[in-house]
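A.B. asks: Input: one structure, supplied below.
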Amino acid sequence: MSDSAENKNGSSGISRREVVKGLATIPVLGAFAFAFYRKRKRARQIRNSIMENISLNPDETEITDITPTGEKIRLGIPDSAVSSGGIYHFKDGRTVPDVLHTVFEFNEYDLTMMYSATLASSKDRGKVLMGNDGYMEVGNTMRVYDDRDSTRYKEKLNKGIIDPSIPILSYVPGKKNIDAVTSATDQYFAGRGLLYTYRGGKRVDTTHLHIKEWLNCIRSEGTPSCNIDRGFDEAITAHMGTMAYREGRRVQWDRENETIF
Amino acid sequence: MAGDINYSNRQLIMQVVMRVLIGWHFLYEGLSKLVNPDWSSVAFLLDSKGFLSSFFYSLASNPEVLRVVDFLNVWGLILIGLGLILGLFSRISIIAGIALLGMYYLSHPPFVGYTFSVPSEGAYLWINKNLIEMAALAVLLVFPTWMHIGVDRLIFKRK
Numbered sequence: 006m007s008d009s010a011e012n013k014n015g016s017s018g019i020s021r022r023e024v025v026k027g028l029a030t031i032p033v034l035g036a037f038a039f040a041f042y043r044k045r046k047r048a049r050q051i052r053n054s055i056m057e058n059i060s061l062n063p064d065e066t067e068i069t070d071i072t073p074t075g076e077k078i079r080l081g082i083p084d085s086a087v088s089s090g091g092i093y094h095f096k097d098g099r100t101v102p103d104v105l106h107t108v109f110e111f112n113e114y115d116l117t118m119m120y121s122a123t124l125a126s127s128k129d130r131g132k133v134l135m136g137n138d139g140y141m142e143v144g145n146t147m148r149v150y151d152d153r154d155s156t157r158y159k160e161k162l163n164k165g166i167i168d169p170s171i172p173i174l175s176y177v178p179g180k181k182n183i184d185a186v187t188s189a190t191d192q193y194f195a196g197r198g199l200l201y202t203y204r205g206g207k208r209v210d211t212t213h214l215h216i217k218e219w220l221n222c223i224r225s226e227g228t229p230s231c232n233i234d235r236g237f238d239e240a241i242t243a244h245m246g247t248m249a250y251r252e253g254r255r256v257q258w259d260r261e262n263e264t265i266f
Numbered sequence: 007m008a009g010d011i012n013y014s015n016r017q018l019i020m021q022v023v024m025r026v027l028i029g030w031h032f033l034y035e036g037l038s039k040l041v042n043p044d045w046s047s048v049a050f051l052l053d054s055k056g057f058l059s060s061f062f063y064s065l066a067s068n069p070e071v072l073r074v075v076d077f078l079n080v081w082g083l084i085l086i087g088l089g090l091i092l093g094l095f096s097r098i099s100i101i102a103g104i105a106l107l108g109m110y111y112l113s114h115p116p117f118v119g120y121t122f123s124v125p126s127e128g129a130y131l132w133i134n135k136n137l138i139e140m141a142a143l144a145v146l147l148v149f150p151t152w153m154h155i156g157v158d159r160l161i162f163k164r165k
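Chains as they are written, first to last, in the numbering used here: chain V, 6 to 266; chain E, 7 to 165.
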């Protein structure tokens, strides 16, 4: 294509044809801006709709309270425990079981907690809280998935707003926001432990934060996040599981007298 | 001057279309990272494999360096994208684009024996889409269209 024709009349300046050719692709930017705006708007709508459904403020930046009443999840000591297990793999004279399954019951909350451990397999089964409307995976990250048969989210599921294979809520340490629309890449990396906890822009090992808190509490006579009451709850819970295994029976917790029977 | 190549209309249109499409891809990759306050290249860098992986790990291990890498990546993508779409400073945009894609390719080379955390959407052996996009940019570099369609035409107006 020759440009000589249009250059003929452009001796004193730039011809109109010249300008049109120079700026011919600018409309593409308009189309891009439009598409970008639509995509962002759609993502925001879905996010707000999900956040609204799970009773969270869309601008929430931190998860502080878990229950609608503002209480943090704290089950305390279970009402009963049953255990099963044994030395199945490491037959080297040890007395501690290498496979142990314990089921704890919490009557007040209508829930059971299953603890399943095996030293012979390194398969990570994670920690999952399961309910009728969804389940929550807790580990390096926290993710809430909708149950495909959820009654609460039935309408959203039918409309395709909620996809049960994608978390409706995701919290990754170091991220500034609770994310209701996570990318597959993020999920994959987080699932592989490739993300870290950040404090003041610095990557830190989370165990250091625990020790730091503990030392700070010694200095300032404060109370750490996991205080003595919490320690008591956890120790008794573990004891109940051990007793149930050793005695081969269902053990129970007497809340009045604080004894196992 | 390379820009003096005489194209047929079809040749010119298809070359510009390819330039704009690649530009769109770069621009959106950059903007989507810019608007995500949590985006960081750290996971991508730590997932690197191959003979240059230690270099990419070292970029990820220093927070200061990582910030610079993130900044250059995001704004590099955006500016390259704008440059390609508009035909603005096209030559440097294309060269920068090739360099950036080369880094992506070398950090995650689709060689035998390497598996990556993020599963790819297709099956690749030696050649992946980064390399193909790189080759497409190289074609654009040797068939310059910006002196015909693009802002460079106005800036570097031929006498």
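Just so it is clear, CB atoms sit at the ideal spot from N, CA and C, and this is done for glycine as well. As the structure is a computational prediction, the values presented were derived from the model and not from experiment.
Go through its chain and collect everything with a Cβ distance to residue 107(E)'s Cβ below 6 Å, but skip five positions before and after it.
C.D. replies: By one-based count along the second sequence, residue 107(E) stands at place 101. Correct list, in chain order: 136, 139 and 140.
A.B. asks: Given this structure, state the Cα-to-Cα distance separating residue 113(V) from residue 39(E), to the nearest angstrom.
C.D. replies: For this step, residue 113(V) is matched to residue 108 along the first sequence. For this step, residue 39(E) is matched to residue 33 along the second sequence. Using only the alpha carbons, I get a separation of about 46 Å.
A.B. asks: At the level of alpha carbons, what is the spacing between residue 236(V) and residue 264(V)?
C.D. replies: Translated into the one-based positions of the first sequence, residue 236(V) becomes position 231. Translated into the one-based positions of the first sequence, residue 264(V) becomes position 259. C-alpha separation (whole angstroms): 16 Å.
A.B. asks: Pull out every residue of the region 10-23 of chain E whose Cβ sits closer than 8 Å to any Cβ of chain V, in chain order.
C.D. replies: Flagged, chain order: 12, 13, 14, 15, 18 and 22.
A.B. asks: Beta-carbon separation of residue 123(V) and residue 246(V) under 7 Å?
C.D. replies: Reading the first sequence from its first residue, position 118 is the one you call residue 123(V). Reading the first sequence from its first residue, position 241 is the one you call residue 246(V). No, the pair does not count as a contact, with Cβ atoms beyond the cut-off.
A.B. asks: Give the interface partners of residue 41(V) over in chain E, defined as CB-CB distance under 8 Å, in chain order.
C.D. replies: Walking along the first sequence from the start, residue 41(V) turns up at place 36. Correct list: 34 and 37.
A.B. asks: Can you say whether residue 259(V) is buried or exposed, counting buried as having 16 or more other CB atoms within 10 angstroms of its CB?
C.D. replies: On the first sequence, position 254 is the one that residue 259(V) refers to. By the neighbour-count rule (16 or more Cβ atoms within 10 Å), residue 259(V) is not buried but exposed.
A.B. asks: Which residues mark the beginning and the end of the beta strand (DSSP E) in which residue 150(V) is found?
C.D. replies: For the purposes of this step, residue 150(V) is identified with residue 145 of the first sequence, where counting begins at 1. Counting along the chain, the beta strand (DSSP E) containing residue 150(V) begins and ends at 147-151.
A.B. asks: Can you tell me where the alpha helix (DSSP H) with residue 5(E) in it begins and where it stops?
C.D. replies: One cannot answer for residue 5(E) here, as it falls past the ends of chain E, which runs 7 to 165.
A.B. asks: Note down the Cα distance separating residue 82(V) from residue 165(V), rounded to an integer number of angstroms.
C.D. replies: Taking the first residue of the first sequence as position 1, residue 82(V) is located at position 77. Taking the first residue of the first sequence as position 1, residue 165(V) is located at position 160. Cα-Cα distance, rounded: 40 Å.
A.B. asks: Does any C-beta atom of chain V lie closer than 7 Å to the C-beta of residue 4(E)?
C.D. replies: Lying outside 7 to 165, the shown extent of chain E, residue 4(E) is not represented and no answer is given.
A.B. asks: Which value, in whole angstroms, describes the spacing of the CA atoms of residue 86(E) and residue 27(E)?
C.D. replies: What you label residue 86(E) is simply residue 80 of the second sequence in a count that begins at 1. What you label residue 27(E) is simply residue 21 of the second sequence in a count that begins at 1. For residue 86(E) and residue 27(E), the distance between alpha carbons rounds to 12 Å.
A.B. asks: Cβ atoms of residue 175(V) and residue 148(V): under 7 Å apart, would you say?
C.D. replies: Here residue 148(V) is taken as the residue at index 143 of the first sequence, counted from 1. Here residue 175(V) is taken as the residue at index 170 of the first sequence, counted from 1. Yes, these two residues count as a Cβ contact at 7 Å.
A.B. asks: Which residues in chain E sit within 9 Å of residue 100(V), going by Cβ to Cβ distance?
C.D. replies: Taking the first residue of the first sequence as 1, we reach residue 100(V) at position 95. Result: empty, since nearest Cβ-Cβ is about 41 Å, beyond 9 Å.
A.B. asks: Could you say which of 79(E), 48(E) and 95(E) lies nearest to residue 162(E) if we only look at CA atoms?
C.D. replies: Counting from 1 along the second sequence, the entry for residue 162(E) is found at position 156. Taking only the C-alpha atoms, the option nearest residue 162(E) is 95(E).
A.B. asks: Return the CA-CA distance between residue 200(V) and residue 73(E), expressed in angstroms with no decimal places.
C.D. replies: Counted from its first residue, the first sequence places residue 200(V) at position 195. Counted from its first residue, the second sequence places residue 73(E) at position 67. Caution applies to residue 200(V), whose pLDDT of 46 falls short of 50 and renders its modelled position unreliable; the value that the coordinates give is listed next. Answer to the nearest angstrom: the Cα atoms are 16 Å apart.
A.B. asks: Using the C-alpha atoms, what's the distance from residue 251(V) back to residue 139(V)?
C.D. replies: Counting from one through the first sequence, the residue named residue 139(V) turns up at place 134. Counting from one through the first sequence, the residue named residue 251(V) turns up at place 246. Roughly 35 Å separates the two Cα atoms.
A.B. asks: Sorry if obvious, but does the Cβ on residue 258(V) come closer than 6 Å to a heavy atom of the ligand SAM?
C.D. replies: Summarising the ligand content, the structure contains no ligands, and the ligand SAM is consequently not present.
A.B. asks: How far does the alpha helix (DSSP H) with residue 109(E) in it extend, from its first residue to its last?
C.D. replies: Within the second sequence, the letter at position 103 stands for residue 109(E). Per DSSP, residue 109(E) belongs to the alpha helix (DSSP H) from 96-113.
A.B. asks: Please list the segments of the alpha helix (DSSP H) lying wholly inside the region 8-44 of chain E, counting only runs of 4 or more residues, in order along the chain.
C.D. replies: Qualifying alpha helix (DSSP H) stretches, in chain order: 15-40.
A.B. asks: Need the endpoints of the beta strand (DSSP E) that residue 143(V) sits in, please.
C.D. replies: Numbered from 1 along the first sequence, position 138 holds the residue referred to as residue 143(V). Per DSSP, residue 143(V) belongs to the beta strand (DSSP E) from 139-143.
A.B. asks: Taking the alpha-carbon of residue 105(E) as reference, which of 43(E), 151(E) and 32(E) has the nearest alpha-carbon?
C.D. replies: Here the question's residue 105(E) lines up with position 99 in the second sequence. If we check each option's Cα against that of residue 105(E), 32(E) comes out closest.
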